[in-house]
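Going by UniProt numbering, the first residue of the sequence shown is number 1, and it counts up by one from there. Some notes on the structure that comes next.
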Amino acid sequence: MSGNSGDPVLLTAGNTAVDITPKQDGGVLKEIIQTGTGDDKPFTGSTVSVQYVGKLTDGTEFDSCRDSSSPFSFVIGIGGVIKAWDIGIATMKRGEKARFFCREDYAYGKQGSPPKIPPGATLVFEVEMVGWEAQDISSKKDKGILKHLIEDGEGIDLPNEGSTVEVHLVGMLGDKVFDEREVTFCLGEGIEELIPPGVEEALKTFHLNEKAKLELKPAYGFGSIGCEKFGVAPDSSTVYIVKLKSFQKLRDSPAMDGKEKLEFCKMFKEKGTNYFRAGKYPLALTLYKRMLKYIESRSGFEEDLEPDRKANLLASHLNISMCHLKLGDYSAAKSQCNKALELDPKNVKALFRRGQVCTNLVASHIIN
1 MSGNSGDPVL LTAGNTAVDI TPKQDGGVLK EIIQTGTGDD KPFTGSTVSV
51 QYVGKLTDGT EFDSCRDSSS PFSFVIGIGG VIKAWDIGIA TMKRGEKARF
101 FCREDYAYGK QGSPPKIPPG ATLVFEVEMV GWEAQDISSK KDKGILKHLI
151 EDGEGIDLPN EGSTVEVHLV GMLGDKVFDE REVTFCLGEG IEELIPPGVE
201 EALKTFHLNE KAKLELKPAY GFGSIGCEKF GVAPDSSTVY IVKLKSFQKL
251 RDSPAMDGKE KLEFCKMFKE KGTNYFRAGK YPLALTLYKR MLKYIESRSG
301 FEEDLEPDRK ANLLASHLNI SMCHLKLGDY SAAKSQCNKA LELDPKNVKA
351 LFRRGQVCTN LVASHIIN
């Protein structure tokens, strides 16, 4: 903290100041002193680093990190700083310098922060954006999917697994563009359109019309196989620029009655079976698991629909076991066979399939 006083020059916003508050109530005004570089901006969850000086409107300096050996860092969007900062810093690009005029209700309020910030004070901050860490949105938090916001989205809804999404994407290896197109697909089935799993996982964090850069490690891109069509070699890291243009969410099962759930199960089963017949076992597995999710609970099913639910539940476990068998995951296949036999102990398919699984498990053990 610094308690130095500057010259008593009244600090006021100029004609170029822009209201950046979501409510457009004039609570935070921004003037750009020096433009930044790049297209992306930090967003909620990013750790940002800035240099700053804070002054009262009479020019009195009440805080600064200029004398510090390192920039000031904080996580944006979680309330760890005054509201004006969460709003204002999120608008900055790397290397940008800006001046923010922060009304009391976006700063320290009517109480102020004695002794340096008086009650009801409007504050003026000059801030330089040093940089930020991209948000790790991978489910394993292994930095396999790093997201850089380029354009804010709209609303609060996000796509869920099974949503139909329309996106514009650009895929790059270094500076070379290998894929650029608009494409519509269902989340969870993107591989049909050569959409890497990291893009699918990331899209579940996108709002409508949001645009972002995604850095994908090989495991979240095209993996150890690569993509011959796009000229992506095995074990390559890739970068995607993605914009979510529209989406239609898949209805959640808790919002449905039993009849609706069975209708969705029929659709999932048909799609899964088509994928299975085409030898696309991972996709078939995705659809059969989605089917199972809608019927594994009795919630929403009337008594007269219980036989249909159990029949579909049995079919789900049998189909999932067959997919695991084809994919060589014999332990998972055996588990699904056992679940099928819990429903119908004399089921011929389940008994036969478990026999196949056990044979493969023994063979695998002998080979290893």
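In this text, a Cβ means the ideal position worked out from N, Cα and C, and glycines have one as well.
C-alpha gap between residue i and residue j, whole angstroms
i: Q51; j: L283; result: 49 Å
i: L287; j: R309; result: 17 Å
i: G3; j: L123; result: With a pLDDT of 41 at G3, under the threshold of 50, the predicted position of this residue should be treated as unreliable, and no value is reported.
i: G355; j: L341; result: 12 Å
i: V239; j: Y330; result: 35 Å
i: S70; j: K243; result: 35 Å
i: M256; j: G300; result: 7 Å
i: T16; j: D58; result: 20 Å
i: L327; j: S73; result: 46 Å
i: A13; j: Y108; result: 19 Å
i: G38; j: S113; result: 36 Å
i: L361; j: E200; result: 33 Å
i: D67; j: K140; result: 38 Å
i: N209; j: D152; result: 7 Å
i: F268; j: R290; result: 7 Å
i: K339; j: D252; result: 24 Å
i: C227; j: L250; result: 29 Å
i: E154; j: Q248; result: 14 Å
i: T44; j: K349; result: 50 Å
i: I320; j: R298; result: 20 Å
i: L56; j: K110; result: 15 Å
i: E166; j: S246; result: 5 Å
i: I150; j: K176; result: 20 Å
i: C65; j: V53; result: 7 Å
Residue closest to residue i, alpha-carbon to alpha-carbon, out of the options
i: L145; options: S163, V167 and K204; result: The sequence as given places Ile at residue 145; Leu does not occur at that position. If we check each option's Cα against that of I145, K204 comes out closest.
i: S46; options: K213, L187, F268 and W132; result: W132
i: F178; options: L187, V357, G188 and I241; result: I241
i: N347; options: L314, S335 and S246; result: L314
i: L303; options: G258, S64 and M92; result: Reading off the sequence shown, one finds Glu at residue 303, where the question assumed Leu. Considering only alpha carbons, the answer is G258.
i: D19; options: G77, I76 and A84; result: A84
i: S163; options: T184, E154 and K176; result: T184
i: G77; options: C65, F125, S64 and V48; result: V48
i: C102; options: T91, P115, F125 and R94; result: F125
i: L262; options: R277, A363, G79 and E296; result: E296
Same chain only: Cβ atoms within 8 Å of residue i, ignoring 5 sequence neighbours per side
i: T21; result: G27, V28, I87 and Y106
i: L343; result: K310, L313, L314 and H317
i: R181; result: H168 and L169
i: L325; result: A333, R353, Q356, V357 and N360
i: H207; result: D152, G153, E154, G155, I156, D157, L158 and L244
i: I137; result: I145, L146, K147, E201, A202 and T205
i: N160; result: L187, K204, K249, L250 and D252
i: D25; result: D19
i: E306; result: R298
Anticipated Cβ contact below 8 Å, residue i with residue j, distance rounded
i: I89; j: V130; result: Contact flag wrong, Cβ pair sits at about 11 Å.
i: G221; j: G188; result: No, G221 and G188 are not in contact; Cβ-Cβ is about 17 Å, not under 8 Å.
i: L292; j: C323; result: Contact flag wrong, Cβ pair sits at about 12 Å.
i: K30; j: F100; result: 6 Å
Same chain, Cβ closer than 7 Å to residue i, neighbours up to 5 away in sequence not counted
i: D235; result: P218 and S224
i: V81; result: F74
i: L173; result: V232, S236 and T238
i: H148; result: D40, A134, A212 and K213
i: E104; result: K110, G120, A121 and T122
Beta-carbon contacts of residue i that lie in its chain and below 6 Å, excluding the five residues immediately before and after
i: F264; result: Y294
i: S5; result: The predicted model places S5 with a pLDDT of 44, which falls under 50 and marks its position as unreliable; any figure quoted below should be read in that light. Answer for S5: T60, listed in chain order.
i: K97; result: I33, Q34 and E128
Validate contact between the segment 26 to 38 and the segment 116 to 123 using beta carbons, cut 8 Å, 3 pairs: no
Contact the segment 257 to 273 vs the segment 191 to 203: 3+ CB pairs below 8 Å: no
Cβ pair count under 8 Å reaching 3, the segment 225 to 238 against the segment 144 to 163: no
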